[in-house]
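For the record, in the sequence shown the residue sitting at position 909 is 909 according to UniProt numbering, with numbers rising by one throughout. By construction, the Cβ of each residue, glycine as well, lies at the ideal position given by its N, Cα and C atoms. Everything below concerns the one structure shown next.
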Amino acid sequence: MRITLLLLIVVGIPGVILAQTVRGHVVDAGETLPLPGAYISLAVAGESAPVRQTTTDADGDFVLAPVSPGSYRLTVSFLGYRTEELLLTVTDTDLQLPTFKLVPGIELDEVEVTEAVVPVRQRGDTTEFNADAYKTMPDATAEDLIEKMPTITITDGKVQAQGEDVARVLVDGRPFFGNDPTAALRNLPAEVIQRIEVFDQQSDQAEFTGFDDGETTKTVNIITRPSMRNGEFGSGYAGYGTDDRYSVGGNLNWFDDDRRISVVGLSNNVSKQNFSSEDLLGVTSSASSGRGRRGPGGGGGGGGQRGSDGGGPESNTASDFLVSDQAGIVASDAFGINYSNKWSDKLEATGSYFFNRADSYTESDISRQFFDAEELRETYLEEGVTTSTNTNHRFTGKLEYALDERNSFIYRPRLTWQGNTGTESIFGQTLDSGQLLNDNQSDYTADLTALNFSNNLLWRHRFATRGRTLSVNLSGGISPNDGSSYLNYVSTSATDTLANEQVDQQSLLDTRQWNGGLNVRYTEPLSRSAMLLFSAATGYRREDSETFTYDLDPTNEAYTALNSTLSYVFVNDYFTQEVGTGINYRRGSLNASASAGLQYASLAGDRSYWTVLPTLRLRYRTGNSGNLTAHYRSRTELPSILQLQEVIDNSNPLFLTTGNADLLPATDHNFTARYNLTDTERSSVFFALLGGSYTANAIVNSTTLSESAGGVQLTRPVNLDNDWTLRALTTYGFPVGVLGSNLNVDLSTNLRNAPGLIDEQLNNALTTTTGLGLTLSSNISERIDFTLSSRSSMNWVRNDLQLASNNDFFQQRSRVKFSWLPGEKIVVRTDLTHQLYRGLEESFDQDYLLWNASIGMKVMENDRGEISLNAFDILGQNTALTRSVTETYTEDIRTNALQQYFMLSFKYDLRRFQ
1 MRITLLLLIV
11 VGIPGVILAQ
21 TVRGHVVDAG
31 ETLPLPGAYI
41 SLAVAGESAP
51 VRQTTTDADG
61 DFVLAPVSPG
71 SYRLTVSFLG
81 YRTEELLLTV
91 TDTDLQLPTF
101 KLVPGIELDE
111 VEVTEAVVPV
121 RQRGDTTEFN
131 ADAYKTMPDA
141 TAEDLIEKMP
151 TITITDGKVQ
161 AQGEDVARVL
171 VDGRPFFGND
181 PTAALRNLPA
191 EVIQRIEVFD
201 QQSDQAEFTG
211 FDDGETTKTV
221 NIITRPSMRN
231 GEFGSGYAGY
241 GTDDRYSVGG
251 NLNWFDDDRR
261 ISVVGLSNNV
271 SKQNFSSEDL
281 LGVTSSASSG
291 RGRRGPGGGG
301 GGGGQRGSDG
311 GGPESNTASD
321 FLVSDQAGIV
331 ASDAFGINYS
341 NKWSDKLEAT
351 GSYFFNRADS
361 YTESDISRQF
371 FDAEELRETY
381 LEEGVTTSTN
391 TNHRFTGKLE
401 YALDERNSFI
411 YRPRLTWQGN
421 TGTESIFGQT
431 LDSGQLLNDN
441 QSDYTADLTA
451 LNFSNNLLWR
461 HRFATRGRTL
471 SVNLSGGISP
481 NDGSSYLNYV
491 STSATDTLAN
501 EQVDQQSLLD
511 TRQWNGGLNV
521 RYTEPLSRSA
531 MLLFSAATGY
541 RREDSETFTY
551 DLDPTNEAYT
561 ALNSTLSYVF
571 VNDYFTQEVG
581 TGINYRRGSL
591 NASASAGLQY
601 ASLAGDRSYW
611 TVLPTLRLRY
621 RTGNSGNLTA
631 HYRSRTELPS
641 ILQLQEVIDN
651 SNPLFLTTGN
661 ADLLPATDHN
671 FTARYNLTDT
681 ERSSVFFALL
691 GGSYTANAIV
701 NSTTLSESAG
711 GVQLTRPVNL
721 DNDWTLRALT
731 TYGFPVGVLG
741 SNLNVDLSTN
751 LRNAPGLIDE
761 QLNNALTTTT
771 GLGLTLSSNI
781 SERIDFTLSS
791 RSSMNWVRND
801 LQLASNNDFF
811 QQRSRVKFSW
821 LPGEKIVVRT
831 DLTHQLYRGL
841 EESFDQDYLL
851 WNASIGMKVM
861 ENDRGEISLN
871 AFDILGQNTA
881 LTRSVTETYT
891 EDIRTNALQQ
901 YFMLSFKYDL
911 RRFQ
């Protein structure tokens with residue numbers, strides 16, 4: 001026995017000594033993203049039985065060992081991709097193979113697949129949904145498709161995936177209309193989509209270095225069908241209705257492999273809006289932002305539902321470009337174009353231009369209840385009418401150039417111009433225990449413009465040693481704003497006639513901001529599994545702001561009397577330097593990184609701070625279907641120039657605001673843990689999230705309630721600790737075979753503690769919100785489609801100072817969407833939304849049912865045309881309500897909403913694929 005064992009050892013030793021290791025990397029050819037789980041098989045040349053086999057890890061890497069010298073055939077396969085084979089020879093050294101770039105298999109579109117389609121699977125950190133597993137109507141959009149998928153929700157145009165807002169939608173791995181999810185989802189037909197991928201996209205530097213820096217963006221990547229990547233497709237619509245309501249628009253896409261051009265446009269007066277918060281940042285006139293209605297600090301909890309927009313067939317095709325709807329009734333005009341092309345093997349370009357104009361008319365009723373240290377005292381009531389015209393031009397671009405195999409550049413320019421003109425007339429009253437303290441009648445107009453230009457240039461260099469990289473990111477920008485405003489108000493005190501005031505003023509604003517930054521990162525491999533990171537960064541921001549306010553001079557009826565109290569010239573410089581180091585470890589299913597930066601910051605040249613900013617990140621793959629991600633990150637937040645200026649803003653004379661030159665930067669600490677589990681056999685998805693944040697030196701409000709001044713309030717920002725949030729969410733989605741549908745259930749809890757000062761006394765406003773959501777979406781056929789959803793939330797508000805101000809309120813929103821093709825040509829659609837409020841102010845406590853419906857007839861060849869009669873708000877109950885909770889008050893707002901109308905429309909879908 002011993003002799004036999006010895007012989008085996010002696011014979012085997014040379015094979016082991018001569019055996020080598022074969023390594024490789026597998027990616028998607030179009031997206032260049034890793035393909036974890038790809039099957040790798042190594043067989044002796046001329047034979048079929050594999051001698052070694054494995055699958056790629058979370059990063060698309062594979063290792064075959066030991067492999068004896070000889071000739072072999074390597075096979076790389078992955079579901080939905082073409083199989084690649086490579087003949088190779090193993091000698092007496094380890095072998096590093098070139099990257100395998102798998103191409104999606106076009107033949108999948110040409111073969112009838114009879115087996116059950118797997119709806120969802122986990123591919124490393126990416127959750128992938130198969131579009132073929134979700135049945136939609138023939139004219140459905142990408143938005144109609146993805147809202148059937150578990151863990152993805154769309155509410156009033158805002159897309160969320162796995163509990164987080166989707167900030168970017170890619171099409172075949174490329175940007176589409178910048179960072180604008182809705183533009184892609186509402187302008188791509190569902191039929192061109194092969195699958196949907198949801199993942200956290202890393203920064204350009206992190207993707208290159210392989211060192212996860214925690215800078216991620218929740219991203220949806222739409223993978224189109226290979227057979228539909230060449231051709232023209234789109235849709236157009238036009239409708240006219242009662243009360244002179246109209247809606248026209250459409251989209252057109254030219255796809256020619258790598259060259260892609262998309263054009264979208266719309267014009268309507270049915271509150272179909274198409275601008276985002278980023279399109280409004282530079283210009284905030286009172287008429288568009290609700291001056292005086294919310295303090296400069298943060299608020300906790302709250303929520304509500306604005307009135308629904310107009311309906312019609314355009315609801316499937318119009319673009320909202322990141323939708324951030326204004327209240328009231330809005331007339332919008334918009335145009336956008338997106339371009340993407342691979343000009344050569346080394347140069348790739350994408351860019352988009354977007355224009356919009358929105359004219360809004362808003363009537364509002366406001367009830368604001370203030371917390372007080374002694375009693376629930378002051379109530380503010382307001383009625384207002386505002387008009388606003390907002391114009392926006394936005395350009396974004398990306399150029400990616402590969403100089404050679406070791407050097408590449410990425411350039412990202414961005415330019416926006418915004419203009420806003422607005423008027424507002426309000427009548428407000430402040431009451432103390434029901435007794436009138438004062439009233440205010442004011443008229444305000446503003447004309448503001450803003451320009452914002454920013455750009456980033458990233459150079460990336462890869463050394464010969466694998467894992468050794470150097471990247472340098474240079475950024476800069478400029479943001480000039482200017483404008484004028486006029487304020488005319490009369491304030492009358494019911495308790496002190498000396499506090500009466502009448503003002504007629506003009507204000508001229510001019511603000512300039514410059515910023516620049518440099519970020520350098522170097523990575524050094526310690527082993528195949530470990531990597532070191534060294535980083536250095538510097539940044540500079542300068543703000544110049546001046547406002548001159550002039551009172552009306554009665555002698556010449558001109559605004560020539562300078563009001564020095566309300567005028568200022570302010571200059572602020574902020575300089576930062578940071579050095580850091582970190583380590584990243586990857587092995588098998590584990591990817592962990594830890595880093596820390598030491599930051600020096602100088603504010604206004606006379607205050608400096610040292611801060612340690614740690615970052616931790618963990619990713620762990622459990623089998624082929626589970627994925628755990630956890631990260632902790634800290635960062636500093638600067639006070640804005642408005643928060644630093646110690647000049648009174650009297651645009652609402654009952655609610656004065658001022659700045660605080662002694663503000664310190666706030667430091668945020670954020671933690672999030674997420675777990676995904678996909679069960680391909682049961683076609684189910686489970687997702688859980690636990691997250692929280694704590695802010696040291698949080699910038700919050702200090703409010704003085706001055707009864708002696710006729711109820712006038714003064715708010716200024718201060719630094720306080722104990723500003724924190726805690727959030728938990730769990731979602732489970734699974735098919736219900738007996739109903740031919742998919743059910744998604746989610747349960748969430750959110751806690752927010754908002755500290756603030758009221759008459760110099762600390763108040764903590766703790767808001768707890770628990771929510772339950774149910775969504776049942778059909779998966780029966782292409783002739784019938786329905787979605788039943790309901791979301792309920794219970795809110796508890798607790799305050800330290802005044803128990804009487806504690807409040808509980810309940811909100812519920814339920815919706816039924818139903819589409820049906822009862823015959824060859826007829827199509828019926830209906831949409832019912834029920835909104836319920838309980839626990840608000842008595843006049844706001846209500847519920848309403850919004851019912852929209854349409855009936856249409858398919859016309860023209862292949863039923864590409866449709867004539868339809870659409871009814872909006874059939875019951876005449878549309879309402880817009882919102883509740884907000886801050887550290888100093890609870891506020892209920894009701895605004896006007898679009899009312900009942902009927903519209904006759906025509907729609908045409910273009911499909912011409914090569």
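Simplified DSSP state of glutamate 557, which is helix, strand or coil: coil
According to DSSP, simplified to helix, strand and coil, what is glutamate 110? For glutamate 110, the predicted model reports a pLDDT of 40, less than 50, meaning its position is unreliable; a value from the coordinates is still stated below. DSSP places glutamate 110 in coil when its eight states are reduced to three.
Counting Cβ pairs, one atom from each stretch, are 3 or more of them under 8 angstroms apart for the stretch 508 to 521 and the stretch 535 to 549? The answer is yes - the stretch 535 to 549 touches the stretch 508 to 521, with three or more Cβ pairs under 8 angstroms.
What does the alpha-carbon distance come out to for the pair threonine 511 and leucine 266? 33 angstroms
Using three-state DSSP, classify glycine 517 as helix, strand or coil. strand
In its own chain, which residues sit with a C-beta less than 6 angstroms from the C-beta of glutamine 900, not counting the 5 before and 5 after it? Asp873 and Gly876
In whole angstroms, what separates the C-alpha of alanine 190 from that of phenylalanine 548? 54 angstroms
Continuous alpha helix (DSSP H) stretch holding glutamine 599: start and end: Segment 590 to 603 is the beta strand (DSSP E) holding glutamine 599; no alpha helix (DSSP H) there.
Count the other C-beta atoms from every protein chain shown that fall within 10 angstroms of the C-beta of glutamine 205, then say buried if there are 16 or more, exposed otherwise. With 16 or more other CB atoms across the displayed protein chains lying within 10 angstroms of its CB, glutamine 205 is buried.
With a threshold of 8 angstroms, are at least 3 pairs of Cβ atoms found where one atom belongs to the stretch 661 to 680 and the other to the stretch 615 to 629? yes
Since threonine 629 is in the beta strand (DSSP E), which residue starts that stretch and which ends it? 626 to 637
Can you give me the C-alpha to C-alpha distance between aspartate 504 and isoleucine 146, rounded to a whole angstrom? 53 angstroms
Just verifying my parser: in three-state terms, what is the DSSP assignment at glutamate 191? DSSP places glutamate 191 within a helical segment (H, G or I) once states are collapsed to three.
Given this structure, state the Cα-to-Cα distance separating alanine 287 from alanine 446, to the nearest angstrom. Here alanine 287 scores only 37 on pLDDT, less than 50, and its place in the model is too uncertain to base an answer on.
Measuring alpha carbon to alpha carbon, tell me which residue in Asn563, Glu405 and Gly756 is nearest asparagine 719. Gly756
Of the listed residues Leu437, Thr423 and Gly422, nearest to glutamine 429 (C-alpha basis): Selected option, being the one with the closest Cα: Leu437.
Under 8 angstroms between C-beta atoms of serine 814 and serine 790: Yes.
Less than 6 angstroms between C-beta atoms, sequence neighbours within five positions excluded: which residues of the same chain meet that for arginine 412? The answer, listed in chain order, is Lys398 and Asn456.
Rounded C-alpha distance that separates tyrosine 240 from glutamate 197: Whole-angstrom Cα-Cα distance: 38 angstroms.
Range covered by the alpha helix (DSSP H) that runs through proline 181: Counting along the chain, the alpha helix (DSSP H) containing proline 181 begins and ends at 181 to 185.
Output needed for arginine 357: all residues of its chain with C-beta closer than 8 angstroms, excluding positions within five of it in sequence on either side, in chain order. Ser332, Asp333, Ala334, Thr389, Asn390, Thr391 and Asn392
For valine 827, the residue or residues it bridges with in DSSP: Gly856
With distances taken between CB atoms, is the gap from serine 491 to asparagine 440 smaller than 8 angstroms? yes
Should valine 171 go down as buried or exposed, given a rule of 16 or more other Cβ atoms within 10 Å for buried? buried
May I ask you to report which of helix, strand or coil DSSP gives phenylalanine 275? Residue placement at phenylalanine 275 is poorly supported in this model, since its pLDDT is 43, which falls under 50; the coordinates are not used for a value here.
Quick check on the DSSP output: the beta strand (DSSP E) that includes alanine 450 runs from which residue to which? 435 to 462
Beta-carbon proximity list for valine 248, same chain, < 6 angstroms, skipping 5 on both sides: Ala238 and Ser267
Chain B beta carbons: is any one of them nearer than 8 angstroms to that of glutamine 53? Absence of chain B from the displayed structure is noted, only one protein chain being present.
How is alanine 696 classed by DSSP in three states: helix, strand or coil? strand
So the beta strand (DSSP E) leucine 145 belongs to, where does it begin and stop? First-last for leucine 145: 142 to 146, but that is the alpha helix (DSSP H), not the beta strand (DSSP E).
Put valine 738 into one of helix, strand or coil per three-state DSSP. Note: valine 738 maps to helix in three-state DSSP.
Thinking C-alpha only, which one of Thr715, Ala754 and Asp759 is nearest alanine 765? Ala754
When the Cα of glutamine 713 is compared with those of Trp724, Leu689, Ser651 and Val685, which residue comes out closest? Ser651
Here's the rule: buried if 16 or more other CB atoms are within 10 angstroms of the residue's CB, otherwise exposed. What is methionine 860? exposed
If you run the structure through DSSP and keep just helix, strand and coil, what is methionine 903? DSSP places methionine 903 in the strand class (E or B) of the three-state scheme.
Along the chain, where does the beta strand (DSSP E) containing alanine 349 start, and where does it finish? 347 to 370
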